[in-house]
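What follows is a single structure, written as C-alpha cells, with notes after it.
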Amino acid sequence: IEVHVQGDGSHHASKLLDFMNSAESQQAILVQTTPPDKLVEPLSGRELEVLQLIAEGLSNQEIAERLSVSLSTVKGHNHNIFGKLLVQRRTEAVAKARALALI
Numbered sequence: 002i003e004v005h006v007q008g009d010g011s012h013h014a015s016k017l018l019d020f021m022n023s024a025e026s027q028q029a030i031l032v033q034t035t036p037p038d039k040l041v042e043p044l045s046g047r048e049l050e051v052l053q054l055i056a057e058g059l060s061n062q063e064i065a066e067r068l069s070v071s072l073s074t075v076k077g078h079n080h081n082i083f084g085k086l087l088v089q090r091r092t093e094a095v096a097k098a099r100a101l102a103l104i
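Each residue of the sequence shown is one higher than the one before, starting from 2 at the first, in our numbering.
Shown next as C-alpha cells:
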C-alpha cells in the first residue's frame with residue numbers, strides 16, 4: 002500500500018500502515034469479508050470428527066482418549082477448527098457448525 006501525506010501527517014500515516022500490515026488487521030478484514038455462511042477453508046474429516054465430539058459435550062481429554070491421540074493433538078485440531086470457523090470458543094464453534102449444517 003502506498004500513501005501520500007501532505008503536511009505533518011506522516012506520524013498518523015505510519016500508524017495506519019502499521020495497523021494495515023498487522024495480523025490483527027488481516028484477521029479483521031477476513032472476518033468482515035467472509036460471508037457468514039461460508040468457511041475460510043473446509044474442515045478436514047478429523048476436524049469434523051473432533052467438532053462432533055465437542056458438540057456431544059466431551060472434554061479435550063475425553064476426545065483424545067476416544068480418538069487415541071494426544072491431548073496436544075486435540076488442542077491443535079481445536080485451534081484449526083476455531084480458525085476456520087472464525088470463532089473463539091467451543092460453544093461458538095458448535096453453534097456455527099450447526100448453522101452451516103456441518104454437524
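C-beta atoms are modelled at their ideal positions from N, C-alpha and C, and glycine is treated no differently.
Nearest-angstrom beta carbon gap, residue j and residue i [assumed within contact, 8 Å]
i, j, result
"H78", "R47", "6 Å"
"V88", "A56", "With 8 Å as the limit, V88 and A56 do not qualify as a contact, their Cβ atoms being about 13 Å apart."
Environment of residue i [buried if 16+ CB atoms lie within 10 Å]
i, result
"A102", "exposed"
"K76", "exposed"
"L86", "buried"
Nearest to residue i (by Cα), restricted to the options the options
i, options, result
"E93", "S71, E42 and L52", "L52"
"S45", "F83, S15 and R91", "F83"
"L68", "L54, H80 and G58", "L54"
"R90", "S73, E66, N61 and S71", "N61"
Secondary structure of residue i, DSSP reduced to three states
i, result
"A102", "coil"
"L68", "helix"
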